[in-house]
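Trainee: Structure incoming, see below.
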Amino acid sequence: MLRLALFAVLFACAFSAPNVELNKFENIPEQYRELIPKEVADHIKGITEEEKKILKEVLKDYAKYKDENEYLAALKEKSPSLHEKAKKFHDFIKAKVDALGDEAKAFVKKVIAAARKLHTELLAGNKPSLEELKNTVKKYMAEFEALTAAAKEDLKKHFPILTSIFTNEKAKALMDKHLQN
Numbered sequence: 000m001l002r003l004a005l006f007a008v009l010f011a012c013a014f015s016a017p018n019v020e021l022n023k024f025e026n027i028p029e030q031y032r033e034l035i036p037k038e039v040a041d042h043i044k045g046i047t048e049e050e051k052k053i054l055k056e057v058l059k060d061y062a063k064y065k066d067e068n069e070y071l072a073a074l075k076e077k078s079p080s081l082h083e084k085a086k087k088f089h090d091f092i093k094a095k096v097d098a099l100g101d102e103a104k105a106f107v108k109k110v111i112a113a114a115r116k117l118h119t120e121l122l123a124g125n126k127p128s129l130e131e132l133k134n135t136v137k138k139y140m141a142e143f144e145a146l147t148a149a150a151k152e153d154l155k156k157h158f159p160i161l162t163s164i165f166t167n168e169k170a171k172a173l174m175d176k177h178l179q180n
């Protein structure tokens, strides 16, 4: 999950960058692209350039929304098609999170909240230092390691691709490389 957090950080940085070329799924480095679950990749690929602009505009004000429903309502106001895509993806993720036991669910919610906070900051132009990112990832890696075996198994059951990031040697090597120093 923490390697996922690092991936989320890298992904958020790439998609928040001003360079339009980085806003294309195909421009995510292959070694990271292959770690993205199919449903996530399909969601990313399905967002048009115009919808990406709207998404960035709405996300700049993300902190003012009290919950996901307000955020989705703001999307719907700007773009009904983008709202439908976001709602479908939101419901998909929510169902997976809701299926988790309490310990695994609490962990996933913390990671999601941290990723959303980072994404919001990036969109506002506040880019954290590499050291801050490393510390955040290390924090969540330690929390993942501290989970009970049952919680880890729960994560593996409901998020098999994401959990495999912790066991896949290639994925581990990529993420560990970024955490060195």
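Residues in the sequence shown are numbered consecutively from 0, following numbering that gives the first Met the number 0. Note that CB positions come from ideal geometry on N, CA and C, so glycine has one too.
Taking the straight line between their C-alpha atoms, what separation do you get for H42 and P159?
Mentor: 18 Å
Trainee: Compute the Euclidean distance between the alpha carbons of T83 and E50, then round it to the nearest angstrom.
Mentor: What sits at residue 83 in the sequence shown is Glu, not Thr. Rounded to whole angstroms, E83 to E50 spans 11 Å at the Cα level.
Trainee: I'd like to check one pair, A103 with L154: are the Cβ atoms closer than 7 Å?
Mentor: Contact flag set, yes.
Trainee: Is the beta carbon of A105 within less than 6 Å of some heavy atom of the ligand COA?
Mentor: By its list of ligands, the structure shown contains no ligand whatsoever, and the ligand COA lies outside what it can speak to.
Trainee: Would you report the Cα separation of F106 and E38, rounded to the nearest angstrom?
Mentor: In a straight line, the C-alpha of F106 is about 21 Å away from that of E38.
Trainee: Measure how close the beta-carbons of H89 and L117 come, nearest whole angstrom, since I'm counting them as under 8 Å.
Mentor: Actually they do not touch by this definition, with Cβ atoms about 18 Å apart.
Trainee: Below 7 Å between beta carbons: does that hold for A73 and V96?
Mentor: no
Trainee: What residue does the alpha helix (DSSP H) around N134 start on, and which one ends it?
Mentor: Unbroken alpha helix (DSSP H) run through N134: 129-145.
Trainee: On a Cα-Cα basis, can you pick out the residue from E76, K75, S80, E67 that is closest to I92?
Mentor: E67
Trainee: In chain order, what residues of the same chain lie with their CB nearer than 6 Å to the CB of T162, ignoring the 5 residues before and after it?
Mentor: L154, K155
Trainee: Using the C-alpha atoms, what's the distance from A40 back to K86?
Mentor: 16 Å
Trainee: Where does N18 sit, in a helix, a strand or coil, going by DSSP?
Mentor: Caution applies to N18, whose pLDDT of 34 falls short of 50 and renders its modelled position unreliable; the model cannot decide the point.
Trainee: Please report how far the alpha carbon of I53 lies from the alpha carbon of N125, in whole angstroms.
Mentor: Going by C-alpha positions, I53 is about 20 Å away from N125.
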